[in-house]
Structures are given as structure tokens and as C-alpha cells.
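Everything on this sheet refers to the single structure shown next.
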Amino acid sequence: MKTVEEAINYRRSTRIFKENTPLDSDKVRHCLELASLAPNSSNLQLWEFYHIEDPEMLKRLSVACLGQNAAKTAKQMVVVVVRKDLWKRRAKANVAFLKRSFGDKGPKEYGKREKMALDYYQKLIPTLYFDVFGFLGWLKWLVFKIVGWFRPIYKEVRRSDMRIVAHKSAALAAQNFMLSMAALDYDTCPMEGSDTDRVKRILGLPWGAEINMVIGCGVREEKGIYGPRFRVPFEDVYRKK
4 MKTVEEAINY
14 RRSTRIFKEN
24 TPLDSDKVRH
34 CLELASLAPN
44 SSNLQLWEFY
54 HIEDPEMLKR
64 LSVACLGQNA
74 AKTAKQMVVV
84 VVRKDLWKRR
94 AKANVAFLKR
104 SFGDKGPKEY
114 GKREKMALDY
124 YQKLIPTLYF
134 DVFGFLGWLK
144 WLVFKIVGWF
154 RPIYKEVRRS
164 DMRIVAHKSA
174 ALAAQNFMLS
184 MAALDYDTCP
194 MEGSDTDRVK
204 RILGLPWGAE
214 INMVIGCGVR
224 EEKGIYGPRF
234 RVPFEDVYRK
244 K
């Protein structure tokens with residue numbers, strides 16, 4: 004098992020996977036369990052992970068991923084799906100968890116911090132996530148913008164902002180997954196190049212679901228890494244204040 008640093012250095016986007024080297028499905032599933040431990044906005048966990056092993060579905064997904072090698076040669080695939088449409092269900096799950104954590108108490112017995120935690124999911128989250136065709140989002144944005152002239156306040160409240168928030172959280176989970184795979188000497192390739200409508204149809208996803216990325220999985224061929232790793236000089240991106 005690799006250390007975190009070793010896994011980060013080992014991980015590369017692998018474009019060609021070995022043909023006759025299968026993956027242990029249980030190990031891949033465990034890596035997805037680790038993915039679900041990723042930090043995420045408001046702990047709403049607005050994600051789902053589709054673990055694909057079926058050969059016919061892999062072929063169909065390969066076509067949907069534009070026939071790129073990382074899809075055609077993948078032994079398994081993982082599709083990271085954003086489910087912003089599940090915010091009510093996930094908020095209720097958090098409320099239920101908090102109430103269990105607080106113990107057997109009536110509403111009037113909650114302390115200040117406990118009430119704040121419950122109000123966060125019962126009042127603030129609905130304020131942020133509820134919208135009607137985007138119109139409420141712009142109204143909320145205007146109100147929050149005006150309030151922001153007088154004090155610091157969160158301003159990313161439009162529907163498009165909340166989509167970005169959900170996709171950022173899903174991407175954190177995807178990175179957890181890929182590093183967990185690297186720790187096992189398994190390889191991955193995150194693919195944004197795909198026909199996401201086709202991917203959704205193949206997986207039978209509802210209208211409100213969105214594809215974050217498709218990840219090809221396997222064991223790297225030597226030629227599967229297309230070249231040495233390139234990063235711009237760290238000094239170009241590092242700022243210390």
C-alpha cells in the first residue's frame with residue numbers, strides 16, 4: 004500500500020490499459036467507499052457513483068465517451084454523477100443524524116449550537132437550493148449582494164452557483180477515488196470528453212442528474228502513459244502572503 008505522497012506521484016491519466024489484467028471488483032468498490040468520505044459542501048453528499056463492469060454497458064459507454072482509448076481499453080468504469088436534485092432528501096438525512104446525535108430531546112431542550120445546526124439544514128439549505136426556473140436565484144443574488152455592501156455574506160446563491168458547488172464536491176470525491184486506486188497500483192483516467200446525454204440514457208438517470216466525469220479503470224500499459232508529467236513551475240502558481 005502506497006503512502007499518500009506515493010499515490011499522488013504514481014497517479015497518471017492512463018490512456019491505454021492492459022488487455023488481460025482484470026481488476027478486483029471488491030477493491031474498486033472499497034475505493035468508492037473511500038470516495039464517499041471526501042469533504043463536500045454542507046455534507047449534503049449530492050453524488051452517486053456508478054460502478055460499471057458489464058461488458059455490453061462498457062462498450063456503449065465507450066461510444067458515448069467518443070471512442071477514446073481510455074474508454075475502449077478500460078476494464079471497468081466509474082461514472083461520478085451529481086444529484087443536486089436530491090438536496091431535500093440529503094438535508095433531511097442530516098437533520099435525522101443530528102437529532103440522533105443530540106439524544107432523546109424535545110425541540111425546546113436543544114441548546115443554542117444544536118438549534119443552529121438544525122436551522123442550517125431546515126432553513127438555510129432550502130433558502131439556497133430552492134429555486135423556480137432560476138428566477139428566485141437572481142432575486143436571492145440581488146438581495147445578498149445588497150446585504151454584502153454592509154457586511155460579509157455568501158453571494159453564490161444562483162442556480163448556476165449551486166450547480167458549481169455540487170460539481171466541486173463530486174470532483175473531490177472523484178479525486179479520493181483515483182488516489183485510492185493508485186494506492187493499490189490500479190490506474191484511472193478521468194474523462195470529460197463524453198456525450199453526457201448518452202451517458203445518462205445508458206445509466207437510466209433522471210432528468211435532474213448530471214454527469215461530473217467518467218473514469219476509465221484498469222492497469223496501465225507502458226504505452227498507456229503518453230508522456231512525462233508536465234506542470235508549470237510551482238513558483239508560477241504559489242503565492243504566500
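Heads up: the sequence shown runs through residues 4 to 244, numbered per this note's numbering. Backbone N, C-alpha and C fix where the C-beta goes; we use that ideal spot for every residue, glycine too.
Tell whether a beta-carbon distance below 8 Å holds between Gly196 and Phe20.
no
Pick out whichever of Lys203, Ala41, Arg162, Arg18 has its Cα sitting closest to the Cα of Glu225.
Arg18
Excluding the five sequence neighbours on either side, which residues of its own chain have a C-beta within less than 7 Å of the C-beta of Leu26, listed in chain order?
Lys78, Gln79, Tyr189, Cys220, Gly221
The alpha helix (DSSP H) spanning Phe180 covers which residue range?
162 to 186
Beta strand (DSSP E) containing Phe233: first to last residue?
Element bounds for Phe233: n/a, residue is neither H nor E.
From the beta carbon of Leu89, is the nearest beta carbon of chain D less than 8 Å away?
Of the protein chains in the structure, only one exists, and it is not chain D.
Would the beta-carbon of Ala185 fall within 8 Å of that of Arg32?
no
Touch test, the stretch 59 to 78 against the stretch 87 to 106, Cβ-Cβ under 8 Å, three pairs minimum:
no
Have a look at Glu213, Lys243, Gly211, Cys192 and flag the residue whose alpha-carbon is nearest the alpha-carbon of Tyr229.
Cys192
From this set, Ala177, Leu139, Gly207, Thr6, which residue's C-alpha is nearest Asp164's C-alpha?
Leu139
Just list the residues that DSSP pairs Trp50 with in beta bridges.
Val85
Hey, could you find the ends of the beta strand (DSSP E) Thr191 is sitting in?
190 to 194
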